[in-house]
Amino acid sequence: MQQIIISGFGGQGILSMGRLLATGGLHEGHNVSWLPSYGPEMRGGTANCHVIISNEEIGSPIISCPNALIVMNQPSLDKFENMVEENGIIIMDSALVPIKPKRKDVRSFSLPATEKAYEMGHPAFAGVILLGKFIAETGIISPQSFEEALRTVLSPSKHTLIPDEMKALEFGMSY
Amino acid sequence: MGKRILMKGNEVIAEAALRAGCRHFFGYPITPQTEISHYMAKKMEEIGGVFLQAESEVAAINMVYGAASAGVRVMTSSSSPGISLKQEGISYSACAELPMVIVDIVRCGPGLGGILPAQCDYFQVVKGGGHGDYNLIVLAPASVQELYELTVEAFNLADRYRNPVVILGDGYLGQMMEAVEFRDEEPIEKANKDWATTGHGGKRTHNVTTSIYIDPNVLEAHNRKLQEKYRVIKEKETRAEVFNCDGADVVVVAYGTVARVVKNVIKDAEKKGIKVGLIRPITLWPFPTEVFDKYATVPKGFLTVEMSAGQMVEDVRLALNGRNRVEFHGRMGGNVPTQKDILEIVCQMADGQ
C-alpha cells in the first residue's frame, strides 16, 4: 500500500498531481482514494492532498503516516517531514525546498524540477518531474498507466501536451 | 456493471440522483457541497430537467415541496446552516408526506462554523431539527461507492414511504475522490402516486398536499398514521454494517468517515492482540438498535467515536439500555479523530481501564 502526501502552494497543480497518481493506480486495477485539503487555507496558501493506492480495501482516506511525501515548498516539508514512515521517501523540488530534511531514517531526493520545467518551456511540468521520481522509486504505477491518467485527467484541448509531459516524467524517472 | 471511474463524492451524489430519475433540483450554494449544484446545473440542461438556484435555502426547500407534490423525483442539497434554514419546509414536507431527497454535507458548527468535516448535525437531522412529531429516514454513507448506491436507494425509500430521506455525509466524503462503478440499469421502484397534484381536467376530485389540520382529532389521527408508518420503516429499513464483532473485546460504534478511521484502528489493535469490532449504522434513523442486542455483553464495552461533542452516543446508550459501558471519544471544529487516539482508548478499555 502506498500512502502519499503531496503538498505545496495553491496553484502549483498539487491536487492535479494527486489525481494523476490516483487515476493511474485505478488504471492498474488498484483501489485508490484522493482527499484534498479544501479549507480556507487554500486561497493563496498551502494546498495538499492525500492519495492512497492499495490492493486492499481502503480504510481511512486520511493519512497519518505517509510512506511517500512529495513537497513543492519549504513549509510543506516542515509540516509533514516528521510524519513520514521510517524508510519512507521524501521527494522535493530543489529550488523550492532549499533546507533539506533533518531525518536520516528516510530516503530523500531533491530534483531540479522547476528549473528543468522552465527549460522545457512548461513551468507546470515541475510536478510531473517529481511524480516521475516517485514512480521510479516505488514502481506503484507504470509510465503507460501514467500516460493513460494524463489522457483521463487533462481536458482534450491539452492532450497535445502529453508527449512533452511524458518527457518530463522520464526526466524525473531517470534523475 | 460498468468501468470503475474516479469521481468526487459530491458529483457522485448528483450523478446517482440523475440515474435514479431525479429531473428537478432546487438548491443554494454552500461549501462543502457546492459541486452537487455545479453538476446538476451542467447536466440538467443537457437532459431537459430543471436546475434552479433559488434565492435562499428557504425558497429552495419550498420549491422541493411543490415539485414533490406534483409527484416528481426531486432533490435539494445543502450544508449545516443551510439545512437549519430548510427545517420549517422539511417539517411541512414530513407532515404532507412528500417524497424528496435532501443532502446534508455537514460542516463544523455551531453557527456559521467552518467548512471542514463534522458530524455535529446528527441531532438536527436524526432527531428532527424542525417542529412536531416526525421522522426522516437518514442514510449515512461511508464511501463514494456507497454515496452512489444509497442516493439511488434514497429515492426509492422516499417514494415507497412518502417520506423525506436525508443523505448525511461529512465534508471529506463530499470532497474526496474514489472509484465508483455504476450499474447499467438502476433499480428504480415505480410508486403509485395517485395522491399527486398532477392536474386532472375535472375528471376526479382534486388532490391536496397539506400540513394544516385545524381539528384536533383529525390532526391526532394524521399523527397516528405517521407514527404507524414510522413503525413500519423501523421494522423494515434498519441497516448497519457489522464488522469483526464476533468474539471482539471492544466494539466501536461510528458512521461515515469516522467508521473508516476505525477500520484502520481494528488492524492496529489486532497487531497488539486486541480484537475490536465495528458497528457502523447505515440508517441513523431508524437506528439499528437490534444489532446491539447480539453484542450487548461484549467483555470490555462499547466506544462511540464521532466528529461531534457526543450525539449518536445517546442512541447507542438507548440501544444498550444500561447493559454495558459506553465510552465516548469525539473531536470538533473540523478535526477528525485520529487512528492513534482511538487505538489508545481501545487499548485502555481492553486493559480494563
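As you go down the protein sequences, you meet chains B and G in turn. Its first residue numbered 20, the first sequence is counted upward by one per residue in this note's numbering. Its first residue numbered 26, the second sequence is counted upward by one per residue in this note's numbering. Backbone N, C-alpha and C fix where the C-beta goes; we use that ideal spot for every residue, glycine too.
Report task. Determine the direct distance from the alpha carbon of His-63 (chain G) to that of Asn-101 (chain B), and round the result to whole angstroms. Result -> Walking along the first sequence from the start, residue 101 (chain B) turns up at place 82. Walking along the second sequence from the start, residue 63 (chain G) turns up at place 38. Rounded to whole angstroms, the gap between the alpha carbons of Asn-101 (chain B) and His-63 (chain G) is 38 Å.
Report task. For the region 273-288 of chain G, enumerate the residues whose C-beta is nearer than 7 Å to any C-beta of chain B, in chain order. Result -> Taking 7 Å as the upper bound on Cβ-Cβ separation, chain B lies near residues Arg-285, Val-286, Lys-288 of the region 273-288 of chain G.
Query raised in the report: Considering only residues of the same chain and omitting the five flanking positions on each side of Val-99 (chain G), which have a CB-CB separation below 6 Å?
Result: Numbered from its first residue, the second sequence carries residue 99 (chain G) at position 74. If you ignore the 5 residues before and after Val-99 (chain G), its C-beta comes within less than 6 Å of the C-beta of His-49, Val-89, Ala-92, Ala-93, Met-125, all in its own chain and listed in chain order.
Query - For Gly-46 (chain G) and Leu-172 (chain G), believed in contact at Cβ under 8 Å, the rounded distance - result: Looking up residue 172 (chain G) in the second sequence gives position 147. Looking up residue 46 (chain G) in the second sequence gives position 21. Going by Cβ atoms, the distance from Leu-172 (chain G) to Gly-46 (chain G) rounds to 17 Å, so no, they are not a contact pair.
Query raised in the report: What residue does the beta strand (DSSP E) around Gly-377 (chain G) start on, and which one ends it?
Result: Here residue 377 (chain G) refers to the residue found at position 352 when the second sequence is read from its first residue. Bounds of any beta strand (DSSP E) do not take in Gly-377 (chain G), whose DSSP letter is neither H nor E.
**Report entry** Own chain residues within Cβ distance below 8 Å of Lys-325 (chain G), not counting five before or after
**Finding:** For the purposes of this step, residue 325 (chain G) is taken as residue 300 along the second sequence, with counting starting at 1. Here the set comprises Asp-274, Val-275, Met-374, Ala-375, Gly-377.
Query raised in the report: Nearest-angstrom Cα distance between Tyr-280 (chain G) and Lys-261 (chain G)?
Result: Position 255 of the second sequence, counted from the start, is the residue given in the question as residue 280 (chain G). Position 236 of the second sequence, counted from the start, is the residue given in the question as residue 261 (chain G). Those two C-alpha atoms are separated by around 20 Å.
Requested in this report: Say whether chain B places a C-beta atom closer than 9 Å to the C-beta of Pro-57 (chain G).
Outcome: The residue labelled residue 57 (chain G) in the question sits at position 32 within the second sequence. At a cut-off of 9 Å between beta carbons, Pro-57 (chain G) contacts chain B.
Query raised in the report: For Lys-250 (chain G) and chain B, any beta-carbon pair shorter than 9 Å?
Result: On the second sequence, residue 250 (chain G) is found 225 positions in, with the first residue counted as 1. Judged by the 9 Å Cβ criterion, Lys-250 (chain G) is not in contact with chain B.
Query raised in the report: For Glu-178 (chain G), does the count of other Cβ atoms within 10 angstroms reach 16, so buried, or fall short, so exposed?
Result: Locating residue 178 (chain G) in the second sequence gives position 153, where the first residue counts as 1. Buried, because 16 or more other Cβ atoms sit within 10 Å of the Cβ of Glu-178 (chain G).
Requested in this report: Report yes or no: is there a C-beta of chain G within less than 9 Å of the C-beta of Tyr-194 (chain B)?
Outcome: Here the question's residue 194 (chain B) lines up with position 175 in the first sequence. False, the Cβ-Cβ gap to chain G never drops below 9 Å.
Query raised in the report: Which residues share a DSSP beta bridge with Ala-204 (chain G)?
Result: Mapped onto the second sequence, residue 204 (chain G) falls at position 179. Under DSSP, Ala-204 (chain G) forms a beta bridge with G:Leu-31.
Requested in this report: Please list the partners that Ser-79 (chain B) has in chain G, where partner means a Cβ-to-Cβ separation under 8 Å.
Outcome: Position 60 of the first sequence, counted from the first residue, corresponds to residue 79 (chain B). Using a Cβ-Cβ cut-off of 8 Å, Ser-79 (chain B) is close to Thr-282, Arg-285, Val-286, Lys-288, Asn-289, Gln-364 of chain G, given in chain order.
Report task. Please list the residues of the region 39-61 of chain B that have a C-beta atom closer than 8 Å to any C-beta atom in chain G, keeping them in chain order. Result -> Residues Ala-41, Thr-42, Leu-45, Asn-50, Val-51, Ser-52, Trp-53, Leu-54, Pro-55, Tyr-57, Gly-58, Pro-59.
Query raised in the report: Which runs of the alpha helix (DSSP H) fall wholly inside the region 96-175 of chain G and span at least 4 residues, in chain order?
Result: 105-120, 147-151, all fully within the region 96-175 of chain G.
**Report entry** Neighbour-count burial assignment, Ala-246 (chain G), 16 or more Cβ in a 10 Å radius
**Finding:** If you number the second sequence from 1, residue 246 (chain G) lands on position 221. Result: exposed.
**Report entry** Runs of alpha helix (DSSP H) wholly within the region 256-312 of chain G (minimum 4 residues, chain order)
**Finding:** Within the region 256-312 of chain G, the complete alpha helix (DSSP H) runs of at least 4 residues fall at 281-296.
Query - chain G residues whose Cβ lies nearer than 8 Å to that of Ser-83 (chain B) - result: In the first sequence, residue 83 (chain B) corresponds to position 64, counting from 1. Under the 8 Å cutoff, chain G gives Thr-363, Gln-364, Lys-365.
Query raised in the report: How would you label Leu-34 (chain B), buried or exposed, when you count the other beta carbons within 10 angstroms and need 16 or more for buried?
Result: For the purposes of this step, residue 34 (chain B) is identified with residue 15 of the first sequence, where counting begins at 1. The Cβ neighbour count for Leu-34 (chain B), taken over all protein chains shown within 10 Å, is at least 16; the residue is labelled buried.
Query raised in the report: Going by the beta-carbon positions, is the gap between Gly-380 (chain G) and Leu-141 (chain G) smaller than 9 Å?
Result: No answer is possible for residue 380 (chain G): the residues shown for chain G start at 26 and end at 378.
Query raised in the report: Near Leu-150 (chain B), what residues of its chain come up, given a Cβ to Cβ distance below 8 Å and the 5 sequence neighbours on each side ignored?
Result: The sequence position of residue 150 (chain B) within the first sequence is 131, counting from 1. Annotation for Leu-150 (chain B): Met-36, Leu-39, Leu-40, Ile-89, Phe-165, Leu-188, Gly-191 place their beta carbon closer than 8 Å to its own, counting only its chain and skipping 5 residues before and after.
Report task. With DSSP as the reference, please indicate the residues paired to Leu-130 (chain B) in a beta bridge. Result -> Locating residue 130 (chain B) in the first sequence gives position 111, where the first residue counts as 1. Partner(s): B:Asp-112.
Report task. Decide if the region 51-63 of chain G is in contact with the region 172-180 of chain B; the criterion is three or more beta carbon pairs, one per stretch, under 8 Å apart. Result -> By the Cβ rule, the region 51-63 of chain G does not count as touching the region 172-180 of chain B, because fewer than three pairs are nearer than 8 Å.
**Report entry** From G:Ala-284, G:Val-277, G:Arg-348, residue whose alpha carbon lies closest to that of Cys-372 (chain G)
**Finding:** In the second sequence, the residue the question calls residue 372 (chain G) occupies position 347. Comparing Cα positions, the closest option is G:Val-277.
Requested in this report: Give the residues of chain B in contact with Arg-342 (chain G), contact being defined as C-beta atoms less than 9 Å apart.
Outcome: Locating residue 342 (chain G) in the second sequence gives position 317, where the first residue counts as 1. Within chain B, no residue comes near Arg-342 (chain G); the closest Cβ sits about 26 Å away, beyond 9 Å.
Query raised in the report: Listing by chain order, which chain B residues have their CB less than 7 Å from the CB of Arg-29 (chain G)?
Result: Your numbering for residue 29 (chain G) matches position 4 in the second sequence. Chain B residues near Arg-29 (chain G): Leu-45.
**Report entry** Spatial distance of Gly-30 (chain B) from Ala-143 (chain B) (CA atoms)
**Finding:** The count along the first sequence starts at 1 and reaches residue 30 (chain B) at position 11. The count along the first sequence starts at 1 and reaches residue 143 (chain B) at position 124. One alpha carbon belongs to Gly-30 (chain B), the other to Ala-143 (chain B), and they sit about 9 Å apart.
**Report entry** First and last residue of the uninterrupted beta strand (DSSP E) at Val-323 (chain G)
**Finding:** The sequence position of residue 323 (chain G) within the second sequence is 298, counting from 1. Neither: Val-323 (chain G) is in no beta strand (DSSP E) and is coded neither H nor E.
Report task. Could you check the C-alpha separation between Gln-112 (chain G) and Leu-45 (chain B) for me, to the nearest Å? Result -> Reading the second sequence from its first residue, position 87 is the one you call residue 112 (chain G). Reading the first sequence from its first residue, position 26 is the one you call residue 45 (chain B). If you take the alpha carbons of Gln-112 (chain G) and Leu-45 (chain B), they lie about 40 Å apart.
Query raised in the report: Rounded to a whole number of angstroms, what is the C-alpha to C-alpha distance between Met-20 (chain B) and Val-301 (chain G)?
Result: Start at 1 with the first residue of the first sequence, and residue 20 (chain B) comes out as number 1. Start at 1 with the first residue of the second sequence, and residue 301 (chain G) comes out as number 276. Taking the straight line joining both Cα atoms gives about 22 Å.
Query raised in the report: What three-state label does DSSP hand Asp-195 (chain G) in the structure shown?
Result: The count along the second sequence starts at 1 and reaches residue 195 (chain G) at position 170. In the three-state reduction of the DSSP assignment, Asp-195 (chain G) falls in the strand class, which pools E and B.
Query raised in the report: Should Met-337 (chain G) and Ala-143 (chain G) be called a contact, given that it needs their Cβ atoms to be closer than 9 Å?
Result: To locate residue 337 (chain G), count along the second sequence from 1; it is residue 312. To locate residue 143 (chain G), count along the second sequence from 1; it is residue 118. Going by C-beta atoms, Met-337 (chain G) is not nearer than 9 Å to Ala-143 (chain G).
Requested in this report: May I ask you to report which of helix, strand or coil DSSP gives Gly-43 (chain B)?
Outcome: Here residue 43 (chain B) refers to the residue found at position 24 of the first sequence. Correct three-state label for Gly-43 (chain B): helix.
Query raised in the report: Looking at chain B, which residues of the region 196-210 of chain G have a Cβ within less than 8 Å of any of its Cβ atoms?
Result: Against chain B - using a Cβ distance shorter than 8 Å - the residues of the region 196-210 of chain G are Gly-196, Tyr-197, Gln-200, Met-201, Met-202, Glu-203, Ala-204.
**Report entry** Alpha-carbon spacing of Leu-137 (chain G) relative to Ile-25 (chain B), whole angstroms
**Finding:** By 1-based counting over the second sequence, the position of residue 137 (chain G) is 112. By 1-based counting over the first sequence, the position of residue 25 (chain B) is 6. So the alpha carbons of these two residues sit roughly 30 Å apart.
Query raised in the report: Based on Cα-Cα distance, which residue from G:Lys-68, G:Gly-74, G:Thr-101, G:Thr-282 lies nearest to Ala-84 (chain G)?
Result: One-based indexing of the second sequence puts residue 84 (chain G) at position 59. If we check each option's Cα against that of Ala-84 (chain G), G:Thr-101 comes out closest.
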